[in-house]
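Some notes on the structure that comes next.
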Amino acid sequence: MTGFTEAIQESGYQGIREGDLVIHAMDAFAGAVGVSDSDGKSSPVYAACTPRGASNVHYYAAVVREMARTGWIAALARGVRERSTDFRFESFANQVLPVPPYDEQAAIVKYLGHARARIDRAIDAKRKLIVLLEEQKQAIIHQAVTRGLDPTVSFKDSGLPWLGDIPARWKMIPARYLFRPVNRRNRDGTEVKLSVTQARGLVPTDQMLERSMQASNFDSFQVCDVGDLVLNKYKAHLGVFWAATLRGLITPNYTVFAPAKGVKSSYYERLFHTPQYRAIFSSIVYGVTAGMSPLYNADFNALHCAQPPESEQREIILFAEKVEQDHARVASRVLYEIDLLREFRTRLTSDVVTGKFDVRAIAETLPDLAGQSLGVSEDQLFDDSWNESTLEYVVTAGEQGVAHDPDQP
Numbered sequence: 113m114t115g116f117t118e119a120i121q122e123s124g125y126q127g128i129r130e131g132d133l134v135i136h137a138m139d140a141f142a143g144a145v146g147v148s149d150s151d152g153k154s155s156p157v158y159a160a161c162t163p164r165g166a167s168n169v170h171y172y173a174a175v176v177r178e179m180a181r182t183g184w185i186a187a188l189a190r191g192v193r194e195r196s197t198d199f200r201f202e203s204f205a206n207q208v209l210p211v212p213p214y215d216e217q218a219a220i221v222k223y224l225g226h227a228r229a230r231i232d233r234a235i236d237a238k239r240k241l242i243v244l245l246e247e248q249k250q251a252i253i254h255q256a257v258t259r260g261l262d263p264t265v266s267f268k269d270s271g272l273p274w275l276g277d278i279p280a281r282w283k284m285i286p287a288r289y290l291f292r293p294v295n296r297r298n299r300d301g302t303e304v305k306l307s308v309t310q311a312r313g314l315v316p317t318d319q320m321l322e323r324s325m326q327a328s329n330f331d332s333f334q335v336c337d338v339g340d341l342v343l344n345k346y347k348a349h350l351g352v353f354w355a356a357t358l359r360g361l362i363t364p365n366y367t368v369f370a371p372a373k374g375v376k377s378s379y380y381e382r383l384f385h386t387p388q389y390r391a392i393f394s395s396i397v398y399g400v401t402a403g404m405s406p407l408y409n410a411d412f413n414a415l416h417c418a419q420p421p422e423s424e425q426r427e428i429i430l431f432a433e434k435v436e437q438d439h440a441r442v443a444s445r446v447l448y449e450i451d452l453l454r455e456f457r458t459r460l461t462s463d464v465v466t467g468k469f470d471v472r473a474i475a476e477t478l479p480d481l482a483g484q485s486l487g488v489s490e491d492q493l494f495d496d497s498w499n500e501s502t503l504e505y506v507v508t509a510g511e512q513g514v515a516h517d518p519d520q521p
């Protein structure tokens, strides 16, 4: 098991029995409630509740999660730390809870089990669609940057087994003739602070979706200009090459390459994202620790790269941007549909658990559930970070109204 902190000593642990309603005192506000499916033991931070009389613990787990969703637990709980509370059993025991007849509790659990399973399957199908759309986009762009846009042209051997054939009019030359490393320090005071992200590329630091440590001093930062190719040298094998679309300051841990005349960094950004080049970068970095093996300039300079004519680089850039924008529109729509399904699942669960929607007649027509659990669904295991990281892939410059000028490098 990974992702958990295990105690060195287990003194003070309590017994948990199958069928107990278990509430996490510190995370109950976030819906950390469930029904134990086996006997075991736990830290005293959990409240293990045994049902009295005819009570369906799965129904009451759903009730407590509804209390969390509405903010009721957060309002009751003690504690001043952000994203943490202290909701002990004493507080829970004083709450007035709904008590439907036992048969109706069972009907609610049965109905919601079926309804949520159908909704989760629909969400899973749409999530898989986003993955397929991303794969389709990458395949189309890969074809464009390695074989061009005209399928009728003649081809020649690139001389590299891992790259294969390229259009006959393309050249194969070392990267040192395409780019030169630069370390600019000339500032005019208008530069924005930039960060390199694996998904969104080079973005203003204050627009990053993910949280990261921020430098307290920028004196050592270097300047990158529009059209430069920026590399996170420790992540070359992941394809972390990005063309700069604005002038700014970046950490000296990144490598900045200025393109030669007739070289478009946006084309090479996409070329270096292809599986062939990422595999080559993985093979030429040095180091024994994963993620700490830099791509040195000498090795990059010796790498042979395809060079289409400048006009064809422009055409490929425009084509790739159109593909990316079309993909973004479709993927954004699918994400919106996922949000609607999640909203519907939340609203339906709330209305059924609180008795606003009588499901007894419908539940009678449904087959028995294999398990009676109404715990966190598989979809809900994907927290907000999944949605943010997915949005990183589908939000493009075109969607944001920032079109790339193909006449820029």
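This note's numbering puts the first residue of the sequence shown at 113, with every later residue one more than the last.
Glycine is no exception: its CB is placed at the ideal position from the N, C-alpha and C atoms.
Grab the span of the beta strand (DSSP E) containing residue i for me, first residue to last.
i: Ser148; result: Ser148 -> no beta strand (DSSP E), and no H or E assigned at all.
i: Leu343; result: Leu341 to Asn344
i: His385; result: No beta strand (DSSP E) holds His385; DSSP gives it neither H nor E.
i: Lys268; result: Phe267 to Asp269
i: Val335; result: Gln334 to Cys336
i: Lys376; result: From DSSP, Lys376 is part of no beta strand (DSSP E); its letter is neither H nor E.
i: Asp277; result: Asp277 to Pro279
i: Gly360; result: Gly360 to Ile362
Verify whether the separation of the beta carbon atoms of residue i and residue j is less than 8 Å.
i: Ala256; j: Ile428; result: yes
i: Ala234; j: Leu460; result: no
i: Lys283; j: Gln388; result: no
i: Arg359; j: Asp337; result: yes
i: Arg281; j: Pro421; result: yes
i: Leu415; j: Phe369; result: no
i: Trp354; j: Val294; result: no
i: Val175; j: Val465; result: yes
i: Leu407; j: Leu343; result: yes
i: Ala137; j: Arg177; result: no
i: Ile252; j: Val446; result: no
i: Asn298; j: Thr367; result: no
When we look at the beta-carbon of residue i and count the other beta-carbons within 10 Å, is it buried (16 or more) or exposed?
i: Tyr289; result: exposed
i: Val304; result: exposed
i: Trp274; result: exposed
i: Lys249; result: buried
i: Ser378; result: buried
i: Thr258; result: buried
i: Pro371; result: buried
i: Asp496; result: With a pLDDT of 43 at Asp496, under the threshold of 50, the modelled position of this residue cannot be trusted; read the value that follows with caution. It is exposed - the Cβ of Asp496 has fewer than 16 other Cβ atoms within 10 Å.
i: Asp132; result: buried
i: Glu500; result: In this prediction, Glu500 has a pLDDT of 44, which is less than 50 and means its spatial position is unreliable; nothing more can be read from the coordinates.
i: Gly467; result: exposed
i: Phe412; result: buried
i: Trp498; result: Its pLDDT being 44, under 50, Trp498 is placed unreliably by the model, and the measurement read from it follows with that caveat. Looking at its Cβ environment, which holds fewer than 16 other Cβ atoms inside 10 Å, Trp498 is exposed.
i: Val315; result: buried
i: Asn365; result: exposed
i: Leu306; result: buried
i: Gln334; result: buried
Could you give the C-beta distance for residue i and residue j, rounded to a whole number, given that I count them as a contact under 8 Å?
i: Ala189; j: Ala142; result: Contact flag wrong, Cβ pair sits at about 11 Å.
i: Gln126; j: Ala160; result: 6 Å
i: Tyr171; j: Ile135; result: So it is not a contact: roughly 15 Å between Cβ atoms.
i: Tyr223; j: Val471; result: 4 Å
i: Gln310; j: Val352; result: 6 Å
i: Asp277; j: Asp269; result: 6 Å
i: Ile65; j: Lys238; result: Look at the range of the chain in this structure, 113 to 521, and you will see that residue 65 is not part of it.
i: Arg164; j: Ser148; result: The pair is not a contact, with the Cβ atoms about 17 Å apart (cut-off 8 Å).
i: Arg457; j: Arg292; result: At roughly 54 Å, the Cβ-Cβ gap does not stay under 8 Å, so Arg457 and Arg292 are not in contact.
i: Gly260; j: Pro279; result: 5 Å
In the DSSP output, what is residue i paired with across the bridge?
i: Leu306; result: Pro316
i: Leu134; result: One detail in the question is off: residue 134 reads as Val in this sequence, not Leu. Answer is Gly146 and Ala160, bridged to Val134.
i: Phe291; result: Pro371
i: Phe353; result: Leu343
i: His416; result: Pro286
i: Gly127; result: Lys153
i: Arg296; result: Val335
i: Tyr366; result: Asn344
i: Asp198; result: Arg190
In the DSSP assignment, the alpha helix (DSSP H) including residue i goes from what residue to what residue?
i: Lys434; result: Glu422 to Val465
i: Leu261; result: Counting along the chain, Leu261 falls outside any alpha helix (DSSP H), and DSSP gives it neither H nor E.
i: Leu188; result: Trp184 to Leu188
i: Tyr171; result: Val169 to Arg181
i: Asp311; result: Correcting the residue identity first, residue 311 is Ala in this sequence and not Asp. Looking at the DSSP string, Ala311 is not in any alpha helix (DSSP H), and its letter there is neither H nor E.
i: Phe201; result: Phe201 to Ala205
i: Ala475; result: Arg472 to Glu476
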